[in-house]
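Residue numbers (my numbering), protein chains in the order written: chain A, 36 to 390; chain B, 1250 to 1511; chain C, 422 to 514.
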Amino acid sequence: MAKELWEGNAAIAEAAIRAGLEAFFGYPITPQTEILEHLSHRLPELGRVFLQAESEIASINMVYGAACAGARVMTSSSSPGISLMQEGFSYIACSEVPAVIINVMRGGPGLGNVAPSQGDYFQAVKMAGHGDFHPIVLAPGNIQEAIDLTVLAFDLADKYRTLAMIAADGSLGQMMEPAEMPPLRPVRPPEERAAWALTGAKGRKPNIITSLYLVEEELEKVNLRLQAKLREIAANEVRWKEYSTEDADLLMVAFGTVGRVCQTVVREARAKGLKAGLLRPITLWPFPSARIAELAGRVRGILVVEMNAGQMLEDVRLAVEGRRPVHFYGRMGGIIPLPDEILPQLEELDAATRS
Amino acid sequence: MAVEMIADMELVFKYPESLTPRVTHYCPGCTHGVIHRLIAEVIDELGVRERTIGVAPVGCAVLAYDYFNMDFCEAAHGRAPAMATGIKRVSPDKVVFTYQGDGDLAAIGTSEIIHTANRGELITTIFVNNAIYGMTGGQMAPTTLPGQVTTSSPRGRDVETAGWPMKMAELIGMLSGAAYVTRQAVLDVPGIRRTKKAIKLAFQVQLAGLGFSMVEILSTCSTNWGVSPLEALDWAKQNMLPYYPLGDTKVVDEVRALMAKP
Amino acid sequence: MAAKGMVIIDENRCKGCGLCVSVCPVHILKLADGRFNIRGYRPVEVIDPEACTGCAMCATICPDVVFTVYRRKMRREPSTAEPVNAKSHTIRW
Ligand SMILES: Cc1ncc(C[n+]2csc(CCOP(=O)(O)OP(=O)(O)O)c2C)c(N)n1
Ligand code: SF4
Ligand code: SF4
Ligand code: SF4
Ligand SMILES: [Mg+2]
C-alpha cells in the first residue's frame, strides 16, 4: 500500500481497525479525541461496535467486559482519563484478558493542559493500577511507528492475554506525516473466540473470569503465574532503536517525540565533533535495560532527555548501576525540548566526563 | 425403589440446573440465596442457560459465579453494568445480566447503572436492596432508612447530613431506555412468587429486545441488622415497605403486550 | 391414607435458619433437637410426613435449596391401584 498523509490520532484509530478491532469504548479528551471521532464513523460503517461511554471508568469496564467475551477491543484517552481507568487496568491484568489502551499524554499533574507531555511514564510503567503487574508499554516516535505499534499492541495483548498500552505524547497525536497503513485484516468471527472467553457454557463447563482469590496461597499462585508471564514478555519483547551508537562516547536516551528531537541533536553534535549516539526505547515496559547497561560500558556518560521531571531517568540509572554519570534534561508543562537546549547539555556532559 | 415410590407423585420443586451444587457462603436465612434460586429457575424455564453470561458485583454476592452454573465474570465495585454493556455489545445473541447490591448499584455505581439503563442496553439487572453494606460489615448504604442505625451511622441515618434513601426503581424507571423496571420483595412466599414472575418478565424483555430491564428486590441482612432471619423478614416489612413501595415503575407498551401473552 | 405431598430434605445444605418452619401451613417442620449437620447447623426435620400437602412453601422460602417437593397427582377417577406410600424423608451424606 502506498504512503498517505496521516494525522497521528486518526492513524492510530485506522491502524486499530486494520488490526481487527471489533469494539471501541471511549470518552472524549484532548489531545486524542480524533481517535474516538475517527472510530465513531469507521466502526459502524464496518458493522463493528462503537460506543461513547459516560466516563473513562465506564469505558475501561466496557473494554473489560468485551475482552472477557473474547472480542478484540480497545479504548483511548489522555492522562486524567487514564488515571480514572487504573482500577480497571488492575482487574484486567489479574483476569488475564487482552485489551489495548491508547494514552496520548498531556501536561499534568491535575487538569494540567492539553500540550504534549511524557508525564505519565511512571504511571504507565510502574503503577498502572494496584497490585503487582505491568502493562506492555509501547512508545512510538513517529506516525509510521504509531501505526505499526498499534497493530503490534493487539497481537501482543492477544498472545500474552494482557494489557498493551500505546504511550504517545500529544504532539504525535496531532502531527501529520506520510505513512503506510497495513491491509485490513478480517475480524475474527465470534465462533473463533478463545476457549477461555465467556461465550455461553454450551457443551462445556462454565467459564469464570474473576480477579478474586480469597485464599492467600491461591492469590500467590496467581501472582507467581503473572510474574512468570511478565518475565517471558521481558525476555521476548524488548524493543528499541539506536542511532550512531557504534562509536559513541556520549549516549542519549530519549523516547517518543523527544527521541526524535534527539536524533537531530546527534547529527548536530557530530557536526561539532562530539561523538554522540542515541538509544530510543520503543518498549518502555519491558525496558531495554540490558542494552543500556551494555552501552554504558562503552560510553563516558549518558544524558536522559524527557518531557517530564525525570521519570525514565530512574530506569536508566537502574540499568547503569552507577557505572557512568547519568545527566538529565527535561521540560514540563507541555514544552518539547529543542535541539538548541539539549546540545549544551550534551556539551556539559562531555566536559564533565573528560578526565 | 425410589422411582417406584414416587410413581404417582409429581415433582413440583426441584434443584435448578442453572445452580451449581455448591452451598453458598451467605449467612443463614439470607435472602440473597432465594434470589439466586429464582434467577436460576427463570433461566432454566427460558432454556437460555447455555447462552447466558452473568456479571457478579462487589458485595456479599461477589462469589455469585461459584453458585450459578453458567459463564460468569466478576466486575469492579459498581461497574457491572458497564462490563455487561461491553459483553452484550460484542455478543448480542447472549443473555446478559448483572447482579448488584445497593452499595454497588446505588452508591459507587450510580453513574454506570443510570447510563446503561438510559442507553436501553439489552441487559437485565437484578438489584438487591438490603438497606445496608452487607459485605463490609453493616455500614450505611444509600438505601439505609432514615434513623436506621448502622456501624457508620451509630445514631441512626441523619437525613440532614446523609441525605435520603435512594429510590432506584423510581429513578431508573424515569429513563427512556428502560423498558421494564419493578420493585419486588422476597419477604414471604407470595412475594417470592411475584418476584420470580418479575425476574422472568425482565429476562423476556431482554430476549424480545425491548430495552433495559431491572428488578429491584427488597432483601434481608439479618446479620447486620442484628436480628434473627425470621425477624429480619418482619423488620423489612415494617421498615422498608413503607419507604420502598412495591410495584412496577416502568412498563412500556411492548412489555405490557408481553405481559398479556399467556 | 397416603400423604398428599412429600419433601426430600438435603440436610447438609440446611443452615437452620428456620424460615421454612415459619411458613409450613400444616406445621410439620421443626429444627432438629440436639443434632447437627455437617456444617454445624440444626437441620430441619419433618415431624409428620403424613400431613405434608406438597405445597412447596418451604422450598419457596428456603434460601439454600434444601427441599425437593413432590405432590400426589390428582386423578379424575378413583384408582383401583393401592396408592404407594411415599413419605417425606431426609437424605444424609
Ligand atoms: C472500589 C471499592 N471500594 C470499596 C470496596 C469495599 N466494599 C466491598 S463490598 C462493599 C459494599 C457492598 O454493599 P452492597 O452493594 O449493598 O452489597 P451487599 O453486601 O449488601 O449485598 C464495599 C464498600 C471495594 N471492594 N472496592
Ligand atoms: S452479611 Fe447480610 S447480605 Fe451478606 S450474606 Fe450475611 S445476611 Fe446476607
Ligand atoms: S411442602 Fe408444604 S406442607 Fe409439606 S413440608 Fe413443605 S411447607 Fe409443609
Ligand atoms: S431448610 Fe432452608 S429454610 Fe429451612 S431451616 Fe434449613 S436452610 Fe433454613
Ligand atoms: Mg446491600
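Cβ coordinates follow ideal geometry from the N, Cα and C atoms, glycine included.
Is the number of C-beta pairs between the segment 1303-1312 of chain B and the segment 1331-1351 of chain B that are closer than 8 Å three or more? yes
Assuming residue 1484 of chain B and residue 1381 of chain B form a contact by the criterion Cβ under 8 Å, report the distance between their Cβ atoms to the nearest whole angstrom. Taking the first residue of the second sequence as position 1, residue 1484 of chain B is located at position 235. Taking the first residue of the second sequence as position 1, residue 1381 of chain B is located at position 132. Residue 1484 of chain B to residue 1381 of chain B, Cβ: 11 Å. No contact.
Outcome for residue 493 of chain C when other beta-carbon atoms lying within 10 angstroms are tallied against a minimum of 16: By 1-based counting over the third sequence, the position of residue 493 of chain C is 72. Residue 493 of chain C is buried by the Cβ-count criterion.
Under DSSP, the alpha helix (DSSP H) around residue 158 of chain A begins and ends at which residues? Sequence index remark: in the first sequence, residue 158 of chain A carries index 123 (1-based). From DSSP, the alpha helix (DSSP H) with residue 158 of chain A extends over 156-160.
Could you tell me how far apart the beta carbons of residue 364 of chain A and residue 338 of chain A are, in whole angstroms, since I believe they sit closer than 8 Å? Within the first sequence, the letter at position 329 stands for residue 364 of chain A. Within the first sequence, the letter at position 303 stands for residue 338 of chain A. Indeed they touch by this definition, with Cβ atoms about 7 Å apart.
Quick one: using the 10 Å Cβ neighbour count with 16 as the cut-off for buried, is residue 1391 of chain B buried or exposed? Translated into the one-based positions of the second sequence, residue 1391 of chain B becomes position 142. So residue 1391 of chain B counts as buried.
Using a Cβ-Cβ cut-off of 6 Å (strictly less than) and excluding sequence neighbours within five positions of residue 83 of chain A, which residues of its own chain qualify? Locating residue 83 of chain A in the first sequence gives position 48, where the first residue counts as 1. The residues are 57.
Got a sec: is the Cβ-Cβ distance from residue 1283 of chain B to anything in chain C below 7 Å? For the purposes of this step, residue 1283 of chain B is identified with residue 34 of the second sequence, where counting begins at 1. For residue 1283 of chain B, the answer is yes, since a Cβ of chain C falls inside 7 Å of its Cβ.
Among A:284, A:104, A:170, whose alpha-carbon lies nearest the alpha-carbon of residue 385 of chain A? Residue numbering aside, residue 385 of chain A sits at position 350 when the first sequence is read from its first letter. Out of A:284, A:104, A:170, A:284 has the C-alpha closest to the C-alpha of residue 385 of chain A.
If you measure from the beta carbon of residue 106 of chain A to each beta carbon in chain E, is any gap under 7 Å? As a matter of chain content, chain E is missing from the structure shown, whose protein chains are A, B and C.
Collapsed DSSP secondary structure at residue 1289 of chain B in the structure displayed: For the purposes of this step, residue 1289 of chain B is identified with residue 40 of the second sequence, where counting begins at 1. Three-state result, residue 1289 of chain B: helix.
Should residue 325 of chain A be flagged as near chain B, meaning a C-beta pair shorter than 7 Å? On the first sequence, residue 325 of chain A is found 290 positions in, with the first residue counted as 1. Chain B, which has no Cβ nearer than 7 Å to the Cβ of residue 325 of chain A, makes this no.
Which residue from A:381, A:294, A:300 puts its Cα closest to that of residue 342 of chain A? In the first sequence, the residue the question calls residue 342 of chain A occupies position 307. It is A:294 whose Cα lies nearest to the Cα of residue 342 of chain A.
Spell out whether any CB of chain B is found under 7 Å from the CB atom of residue 484 of chain C. As a working note, residue 484 of chain C is residue 63 in the third sequence. Output row for residue 484 of chain C: interface = yes.
For chain C, check one thing: does any of its Cβ atoms lie closer than 7 Å to the Cβ of residue 1472 of chain B? Taking the first residue of the second sequence as position 1, residue 1472 of chain B is located at position 223. So, not an interface residue.
Hey, quick one: how far does the alpha helix (DSSP H) through residue 76 of chain A stretch, first residue to last? Locating residue 76 of chain A in the first sequence gives position 41, counting from the first residue. Start and end: 68-80.
Leaving aside the five residues before and after residue 1421 of chain B along the sequence, list all residues of the same chain whose C-beta is less than 6 Å from its C-beta, in chain order. If you number the second sequence from 1, residue 1421 of chain B lands on position 172. The residues are 1366, 1427, 1430, 1463.
For residue 250 of chain A, count neighbouring Cβ atoms within 10 angstroms of its own Cβ and tell me buried if that reaches 16, exposed if not. For the purposes of this step, residue 250 of chain A is identified with residue 215 of the first sequence, where counting begins at 1. The residue in question, residue 250 of chain A, is exposed, as its Cβ has fewer than 16 Cβ neighbours within 10 Å.
Strictly by DSSP, which residues pair up with residue 1322 of chain B? Here residue 1322 of chain B refers to the residue found at position 73 of the second sequence. Looking at the DSSP assignment, residue 1322 of chain B forms a beta bridge with A:244, B:1304.
Residue ranges of each beta strand (DSSP E) within the segment 196-227 of chain A, 3 or longer: 198-204, 211-214
Within 10 angstroms of its Cβ, does residue 118 of chain A collect 16 or more other Cβ (buried), or is it exposed? Indexing the first sequence from 1 puts residue 118 of chain A at position 83. That one is exposed.
When the Cβ atoms of the segment 140-158 of chain A are set against those of the segment 204-221 of chain A, are three or more pairs found closer than 8 Å? yes
Per DSSP, residue 278 of chain A forms a beta bridge with which residues? Locating residue 278 of chain A in the first sequence gives position 243, counting from the first residue. Answer is A:313, bridged to residue 278 of chain A.
Would you call the segment 169-182 of chain A and the segment 36-47 of chain A in contact, with 3 or more CB pairs under 8 Å? yes
Can you tell me whether DSSP reads residue 430 of chain A as helix, strand or coil? Residue 430 of chain A cannot be examined here, being either before or after the span of chain A that is shown, 36 to 390.
Report whether the distance from the Cβ of residue 448 of chain C to the nearest heavy atom of ligand 2 is below 6 Å. Looking up residue 448 of chain C in the third sequence gives position 27. Residue 448 of chain C Cβ: outside cutoff for every heavy atom of ligand 2.
For residue 1264 of chain B, which residues in the same chain have their Cβ closer than 6 Å to its Cβ, ignoring the five residues on either side in sequence? Position 15 of the second sequence, counted from the start, is the residue given in the question as residue 1264 of chain B. Once the five neighbours on either side are set aside, residue 1264 of chain B has no close Cβ partner at all.
Determine the DSSP secondary structure at residue 39 of chain A, reduced to helix, strand or coil. By 1-based counting over the first sequence, the position of residue 39 of chain A is 4. Note: residue 39 of chain A maps to strand in three-state DSSP.
Is residue 487 of chain C close to ligand 4? I mean its beta-carbon at under 6 Å from any heavy atom of the ligand. If you number the third sequence from 1, residue 487 of chain C lands on position 66. Checking the Cβ of residue 487 of chain C against ligand 4 gives yes.
Quick one: Cα of residue 224 of chain A to Cα of residue 195 of chain A, how far? On the first sequence, position 189 is the one that residue 224 of chain A refers to. On the first sequence, position 160 is the one that residue 195 of chain A refers to. Each residue's alpha carbon lies about 20 Å from the other.
Nearest chain B C-beta to residue 288 of chain A closer than 7 Å, yes or no? Along the first sequence, one-based indexing puts residue 288 of chain A at 253. So no, residue 288 of chain A is outside the interface.
Determine the chain A residues that contact residue 1320 of chain B at a beta-carbon separation under 8 Å, and present them in chain order. Reading the second sequence from its first residue, position 71 is the one you call residue 1320 of chain B. What residue 1320 of chain B touches in chain A: 233, 234, 235, 236, 241, 242, 243.
With 7 Å as the limit, tell me which residues of the segment 1304-1331 of chain B have their beta carbon closer than that to any beta carbon of chain C; keep them in chain order. none
Under the three-state DSSP convention, the category residue 293 of chain A falls into: As a working note, residue 293 of chain A is residue 258 in the first sequence. If DSSP states are grouped into helix, strand and coil, residue 293 of chain A belongs with the helices.
Could you give the residue range of the beta strand (DSSP E) that holds residue 1432 of chain B? Here residue 1432 of chain B corresponds to residue number 183 of the second sequence, with the count starting at 1. Unbroken beta strand (DSSP E) run through residue 1432 of chain B: 1427-1434.
Reference residue 163 of chain A; option with closest CA among A:234, A:340, A:124: For the purposes of this step, residue 163 of chain A is taken as the residue at position 128 of the first sequence. For the residues A:234, A:340, A:124, the minimum Cα distance to residue 163 of chain A belongs to A:124.
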